[in-house]
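Colleague:
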Amino acid sequence: MLVEILILIAGLTILIVGANWLVEGASSVATKLGISSFTIGLTVVAFGTSMPEFVVNVMASLSENSGLAIGNIVGSNTLNILLVLGVAALIKPINFQRSTIRIEIPFSLLAAIVLFILANDKFFNGSNQSVLTFSDGLILLCFLTVFLYYTFLSAKPDTQTPTPDVKIRKTYVTTLMVLGGIAGLYFGGQLIVDSSVSIAKSLGVSDAL
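Below, the structure is given as structure tokens:
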């Protein structure tokens, strides 16, 4: 099992590096095209930071390891709320804006409730098993579209260009970073899924754990 653990660590490293390369390369390209830092942060950076989880879930679904995909999302969201916010609050008090309390947090709760309803087919529909279907996926994506639309309307664009957080790189460098990032996400995600399944089988636990 030691080999699988080392492969898992390698996969995580490749996945994180790939995501960073993709975000930096895409942000550099967007800045060259005159796209505002507001739009870059809302699209490229926001989606780029979610790419590792997205890739792992896609790989797990393609490998028919739904337990791993579900465990990845549920575990990640739980840790982000309880661990990340908890540790951050211990270090320094966190101030919440009014819109966060009135809209963003309730929307997050609504997303969890919608997932609970869609996934609980046995209780609501009397089915033999609980499955997220194609139509369920469309419903979740519709909620995402609504949230993104609200975010675009409520966020204040930053007119300063280029943003100091984005390095302007040469075209061939950004191209290599984007391609390398995509490759890193693919191979890193595959390594994580394969090694995680092997570790779970060795320990005799479910893929979800």
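Residue numbers (the working numbering): 339 to 547.
Note that beta-carbon positions come from the ideal geometry of N, C-alpha and C, so glycine has one too.
No experiment lies behind these values; they were computed from the predicted model shown.
Return the first residue and the last residue of the alpha helix (DSSP H) that residue 461 is part of.
Modeller: In the sequence shown, the residue the question calls residue 461 occupies position 123. It spans 459-462 - the alpha helix (DSSP H) in which residue 461 sits, taken as one unbroken run.
Colleague: Taking all protein chains shown into account, do 16 or more other C-beta atoms lie within 10 angstroms of the C-beta of residue 533, making it buried, or fewer, making it exposed?
Modeller: Numbered from 1 along the sequence shown, position 195 holds the residue referred to as residue 533. Under this definition residue 533 is a buried residue.
Colleague: Measure the C-alpha to C-alpha separation of residue 357 and residue 514 and round it to an integer number of angstroms.
Modeller: Position 19 of the sequence shown, counted from the start, is the residue given in the question as residue 357. Position 176 of the sequence shown, counted from the start, is the residue given in the question as residue 514. The straight-line gap from Cα to Cα measures roughly 13 Å.
Colleague: Tell me the residue span of the alpha helix (DSSP H) that contains residue 515.
Modeller: Residue numbering aside, residue 515 sits at position 177 when the sequence shown is read from its first letter. Looking at the DSSP string, the run of the alpha helix (DSSP H) that includes residue 515 is 509-541.
Colleague: When the Cα atoms are used, what is the spatial distance from residue 528 to residue 395?
Modeller: Position 190 of the sequence shown, counted from the first residue, corresponds to residue 528. Position 57 of the sequence shown, counted from the first residue, corresponds to residue 395. Straight-line Cα distance between these residues: approximately 10 Å.
Colleague: Does any C-beta atom of chain D lie closer than 8 Å to the C-beta of residue 515?
Modeller: The chain inventory of the structure shown lacks chain D, comprising one protein chain alone.
Colleague: Please state whether DSSP places residue 492 in a helix, a strand or coil.
Modeller: For the purposes of this step, residue 492 is taken as the residue at position 154 of the sequence shown. Correct three-state label for residue 492: helix.
Colleague: Of the choices 530, 412, 385 and 427, whose alpha-carbon is the least far from that of residue 451?
Modeller: On the sequence shown, position 113 is the one that residue 451 refers to. Closest option to residue 451, Cα to Cα, is 412.
Colleague: Could you tell me whether the Cβ atoms of residue 288 and residue 491 are closer together than 8 Å?
Modeller: Summary: the structure shown does not reach residue 288, with the chain confined to residues 339 through 547, and so no result is reported for it.
Colleague: What separation, rounded to the nearest whole angstrom, lies between the Cα atoms of residue 536 and residue 400?
Modeller: Translated into positions along the sequence shown, residue 536 becomes position 198. Translated into positions along the sequence shown, residue 400 becomes position 62. Their Cα atoms are separated by approximately 16 Å.
Colleague: Between which two residues does the alpha helix (DSSP H) carrying residue 358 extend?
Modeller: For the purposes of this step, residue 358 is taken as the residue at position 20 of the sequence shown. First-last of the alpha helix (DSSP H) with residue 358: 340-370.
Colleague: Three Cβ pairs or more, each shorter than 8 Å: is that satisfied between the stretch 470-489 and the stretch 349-363?
Modeller: Short answer: they don't touch.
Colleague: Determine whether the beta carbon atoms of residue 516 and residue 349 lie at a separation below 8 Å.
Modeller: Counting from 1 along the sequence shown, the entry for residue 516 is found at position 178. Counting from 1 along the sequence shown, the entry for residue 349 is found at position 11. No. Outside cutoff.
Colleague: Where in the stretch 366-454 do unbroken runs of the beta strand (DSSP E), each at least 3 residues long, occur, reported from the N-terminal end onward?
Modeller: Counting whole runs of 3 or more residues, the stretch 366-454 contains no beta strand (DSSP E) stretch at all.
Colleague: How should residue 416 be labelled, buried or exposed, when 16 other C-beta atoms within 10 angstroms of its C-beta is the threshold for buried?
Modeller: On the sequence shown, residue 416 is found 78 positions in, with the first residue counted as 1. Per the 10 Å Cβ criterion, exposed.
Colleague: Which of helix, strand or coil does DSSP assign to residue 473?
Modeller: Locating residue 473 in the sequence shown gives position 135, where the first residue counts as 1. If DSSP states are grouped into helix, strand and coil, residue 473 belongs with the helices.
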